[in-house]
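Reviewing the structure listed below.
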Amino acid sequence: MERIAELEAERLAELEAYLLATGLKDYTLTAEEQQALEDFENLKFEKFNVIDVFDVKNTRNILSKDIVENSGTTPYLCASAENNAVSSYISYDQKQLDKGNCVFIGGKTFVVTYQEKDFYSNDSHNLVLYLKDEKYKSKLNQLYLATCINKSLGHKYSWGDSISNRKIQTDKVSLPTQNAQPNYAIMETFISAIQKLVIKEVVLYADRKIAATKTIVKKA
Numbered sequence: 752m753e754r755i756a757e758l759e760a761e762r763l764a765e766l767e768a769y770l771l772a773t774g775l776k777d778y779t780l781t782a783e784e785q786q787a788l789e790d791f792e793n794l795k796f797e798k799f800n801v802i803d804v805f806d807v808k809n810t811r812n813i814l815s816k817d818i819v820e821n822s823g824t825t826p827y828l829c830a831s832a833e834n835n836a837v838s839s840y841i842s843y844d845q846k847q848l849d850k851g852n853c854v855f856i857g858g859k860t861f862v863v864t865y866q867e868k869d870f871y872s873n874d875s876h877n878l879v880l881y882l883k884d885e886k887y888k889s890k891l892n893q894l895y896l897a898t899c900i901n902k903s904l905g906h907k908y909s910w911g912d913s914i915s916n917r918k919i920q921t922d923k924v925s926l927p928t929q930n931a932q933p934n935y936a937i938m939e940t941f942i943s944a945i946q947k948l949v950i951k952e953v954v955l956y957a958d959r960k961i962a963a964t965k966t967i968v969k970k971a
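Letter by letter, the sequence shown follows residues 752 to 971 in this note's numbering.
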């Protein structure tokens with residue numbers, strides 16, 4: 752039991768450090784975030800050509816038989832719905848890297864994710880979407896955009912009728928707007944609010960467990 756308590760304390764310390772490092776320890780909604788949640792149902796959405804919003808490219812192609820699993824620190828994507836499409840972390844020829852900070856679409860599975868870091872891809876049918884407006888290429892914005900792509904196109908594509916670079920050229924994505932332009936500010940604020948709501952229970956749980964651990968240590 753003592754060893755279990757030690758392990759739990761270690762994990763809680765790691766969680767606490769992570770929350771502090773990422774700024775997620777503060778889960779209090781700002782006035783803007785609260786307003787974004789209240790306004791969500793009344794947002795105006797308009798359709799945009801995907802290729803007007805994003806630069807669309809096919810990924811490179813690295814077959815699973817050519818990699819060594821868990822050989823490095825770079826994500827190897829397989830378009831699975833699990834683990835944000837990451838199959839393993841590998842070491843490989845850096846010339847085969849695809850740039851991160853993008854929306855990634857599994858070409859055969861239509862799994863849509865945001866990829867923060869540079870990565871390797873298992874199939875050249877996979878697509879990467881790079882936001883054209885550089886000043887709005889934040890993680891939060893692209894998490895919202897990934898959801899918009901999934902909602903706008905998910906009904907259209909399946910394993911038997913997969914997406915492709917050719918097909919997406921005529922596709923449209925529905926986005927919240929202001930003055931007939933994508934409202935990136937509201938996207939970012941909304942995702943920030945959702946992130947805080949999700950993390951709130953984690954923070955409160957960690958705080959309770961840490962307080963309980965400190966009490967036990969004092970009594971020992």
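Where is the CB? At the ideal position from N, CA and C, for every residue including glycine.
Query	Result
Among Y840, V807 and C853, the one whose alpha carbon lies nearest that of S815	Y840
Sequence-distant residues of the same chain with beta carbon closer than 8 Å to A957, five excluded per side	L763, L766, E767 and L770
DSSP state of Q946 mapped onto helix, strand, coil	helix
CA-to-CA distance, F941 to L794, given in whole angstroms	11 Å
Which of helix, strand or coil DSSP assigns to E820	coil
Burial state of N821 (16 or more Cβ within 10 Å)	exposed
Nearest-angstrom Cβ-Cβ length linking F796 and L882, presumed shorter than 8 Å	With a Cβ gap of about 18 Å, F796 and L882 do not count as contacting.
E920 versus L894, L828, K808 and D817, residue with shortest Cα-Cα distance	Sequence check: residue 920 is Gln here, not Glu. Per the Cα distances, K808.
Buried versus exposed, by CB contacts within 10 Å (16 or more), V819	exposed
Cβ-Cβ distance between V879 and F855 below 8 Å	yes
C-beta contact flag for K776 and V954 at 8 Å	yes
According to DSSP, residues forming a beta bridge with K923	N800
DSSP bridge partner residues for L848 (one or two, in chain order)	DSSP lists no partner for L848.
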